[in-house]
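**Student:**
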Amino acid sequence: MSPIRRSPAWYALLACLLCLALPVSAAADRVPAFPGAQGWAAHTPGGRGGQILRVTTLAADGPGSLRAAVETRGPRVVVFEVGGVIDLGMKELRISEPYLTIAGQTAPHPGITIIKGGLTIAAHDVVVRHLRIRPGDGHRPKGSGDIDAITTLRGARNVIVDHCSLTWATDEGLSASSTRFLGEDESQWMRNASHDITFSNNIIAEGLAHATHPKGEHSKGTLVHDHVSRILIVGNLYAHNYERSPLFKGGARGQVVNNLIYNPGQRAIHYNLIAEEWIGHPYSRGEMVLRGNVLRAGISTEPLALFMVGGSGDVDVHAEDNLAVDRLGRPVIEATGRYTTAPVRINEPAAAPALPFGVRLLPSAQVQDAVIETVGATPWDRDPVDRRIVADVIEGRGTIIDSQDEVGGYPQYAPTRKPFVEADWNLGTMEPRSGTYPRGEPLR
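Just so we're aligned: the sequence shown equals residues -26 to -1, 1 to 418 in mature numbering (1 follows the signal peptide of the UniProt record, and there is no 0).
(1) Residue 136 and residue 166: beta carbons closer than 8 Å?
(2) When DSSP builds the beta bridges, which residues end up paired with residue 25?
(3) Taking contact to mean 3 or more Cβ pairs, one atom from each stretch, closer than 8 Å, check whether the stretch 100 to 113 and the stretch 135 to 155 are in contact.
(4) I'd like to know whether the C-beta atoms of residue 77 and residue 100 end up nearer to each other than 8 Å.
(5) Less than 8 Å between the beta carbons of residue 241 and residue 290, yes or no?
(6) Can you have a look at residue -6 and say buried or exposed, based on whether 16 or more other CB atoms are within 10 angstroms of its CB?
(7) Is it a yes or a no for the stretch 228 to 244 touching the stretch 194 to 209, going by three-plus beta-carbon pairs under 8 Å?
(8) Can you say whether residue 407 is buried or exposed, counting buried as having 16 or more other CB atoms within 10 angstroms of its CB?
(9) By DSSP, does residue 161 sit in helix, in strand, or in coil?
(10) Can at least three beta-carbon pairs, one atom from the stretch 375 to 386 and one from the stretch 278 to 293, be found at a separation below 8 Å?
(11) In the DSSP assignment, what residue or residues form a beta bridge with residue 305?
(12) Are residue 430 and residue 265 closer than 8 Å when you measure CB to CB?
(13) Going by DSSP in three states, residue 363 sits in which element: helix, strand or coil?
(14) So for residue 149, helix, strand or coil by DSSP?
(15) Taking three-plus beta-carbon pairs below 8 Å as touching, is the stretch 365 to 377 in contact with the stretch 205 to 222?
(16) Pull up the DSSP beta-bridge partners for residue 214, would you.
(17) Among 327, 191, 209 and 148, which residue has its Cα nearest to the Cα of residue 345?
(18) On the premise that residue 375 lies in contact with residue 123, defined as a C-beta separation below 8 Å, what is that separation, rounded to the nearest angstrom?
(19) In the DSSP assignment, find the alpha helix (DSSP H) that holds residue 345 and state where it starts and stops.
(20) Assess contact between the stretch 30 to 40 and the stretch 7 to 18, defined as three or more Cβ pairs (one per stretch) separated by less than 8 Å. Is contact present?
(21) Do you know how far the Cα of residue 389 is from the Cα of residue 84?
(22) Where does residue 44 sit, in a helix, a strand or coil, going by DSSP?
(23) Can you tell which of 66, 82 and 150 has the C-alpha that lies nearest to the C-alpha of residue 98?
(24) With distances taken Cα to Cα, identify the nearest neighbour of residue 391 among 80, 49 and 4.
(25) Rounded to the nearest angstrom, how far is the Cβ of residue 134 from that of residue 172, given a contact under 8 Å?
(26) Evaluate the contact criterion for the stretch 14 to 27 versus the stretch 327 to 335: three or more CB pairs, one atom per stretch, below 8 Å.
(27) Tell me whether residue 400 is buried or exposed, calling it buried when 16 or more other Cβ atoms sit within 10 Å of its Cβ.
(28) Between 251, 7, 90 and 247, which has its C-alpha nearest residue 320's C-alpha?
(29) Quick check on residue 218: buried or exposed, where buried means 16 or more other Cβ atoms within 10 Å of its Cβ?
(30) For the beta strand (DSSP E) that contains residue 206, what are its first and last residues?
(31) Which residues bound the beta strand (DSSP E) around residue 219?
(32) Mapping the DSSP letters down to three states, classify residue 405 as helix, strand or coil.
So, in structure tokens, the structure goes:
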């Protein structure tokens, strides 16, 4: 008996019926968090469908504050009816409840700037967009403590940090963390570390070198901690950080694509499994995919490579179309160059790994202009700090600093107010229905 032959249309109809039978949550998982969302975290719902929480005060806490909104339970979308500066008083703002979207793009001019504190993400399914976070040293004595501008803690997953401006951190500007060995084996270590993370279109700049960190010099860009996996770092501007732009530690796995790195100190991109931290544990294999990144030396740049490897173990490295130039624009290393004097073994995959969801790879020759145009919290209306940093990158100016006071100090913006009108926004993606973000002065 011959088999029954089905037409392509029959199979298409069957596929459609199966889609209709899927749970609503599974169907929702296929919707990007917002247009242009990228990476393994791209389909997080964040707070979509939850309550709309309006931030109505610039106070650090209390009714109507950002802290109150963040600490509310259940799915929620945080919008802003105020613009200006939120002073955290050198305290952490922690996200412990999942299913959250912070929509900084809804704030009136001059947007939201958080000073003297940082944001810690200790939950899953979180989207943070269009915030400026500038911890600074808080005028505290040296060695008194350290603050990341934004960090994810162990177990954080499906997290997107997009279009934020992160400067003057006394630890890293933007990091993904773990506890290294939580669980019984490598699969559990990776599952319990931060994973499925996207850092996109951010300014990560001017990490403070000799400030308040107990270890001394600590101008750092991004730390991707041991066993963090499925992390995408794409389209960011790293400027004036001594090192870690970014650093992947032992067993970390992810892709670094189309970033602009300006004026690093002793290192730019690097990998390092520190054997002393792994005593009693087998080494995990790391993985780094480096495509279309650009490094430009600046005043503070020492002799370095675009990519350096240290430590022990094995790491898979695919490097393609990366460009590194000195202050005169002369190439300083070959496009796929990497340097190591350590016992770590570097493996080169035979074929390029697939790009994560939504990534449109640019050739390195186009990266600087693309990043400069779109990067930071409010590229349509940059604040003076972001404008200065971007201008210095373009002109080849600026240095690594020890205090925010060297570049004008903490911003002081007059508070502004403007009602949030739900009809003006697509509440599923938190994009304006007009297609453009507002410019100029708001209603006061």
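Beta carbons are placed, not taken as given, at the ideal position from N, Cα and C, and that holds for glycine.
**Tutor:** This is what the structure gives:
(1) no
(2) 50
(3) yes
(4) no
(5) no
(6) With a pLDDT of 35 at residue -6, under the threshold of 50, the modelled position of that residue is not reliable, and the figure given next carries that caveat. Burial call: exposed.
(7) yes
(8) exposed
(9) helix
(10) no
(11) 299
(12) The chain is shown from -26 up to 418; residue 430 falls before or after that span and cannot be answered.
(13) helix
(14) strand
(15) yes
(16) Residue 214 pairs with nothing; no bridge assigned.
(17) 209
(18) Not really, about 15 Å apart at Cβ, beyond 8 Å.
(19) 338 to 348
(20) no
(21) 8 Å
(22) helix
(23) 150
(24) 80
(25) 5 Å
(26) yes
(27) exposed
(28) 247
(29) buried
(30) 203 to 208
(31) Run containing residue 219: none; DSSP gives neither H nor E here.
(32) strand
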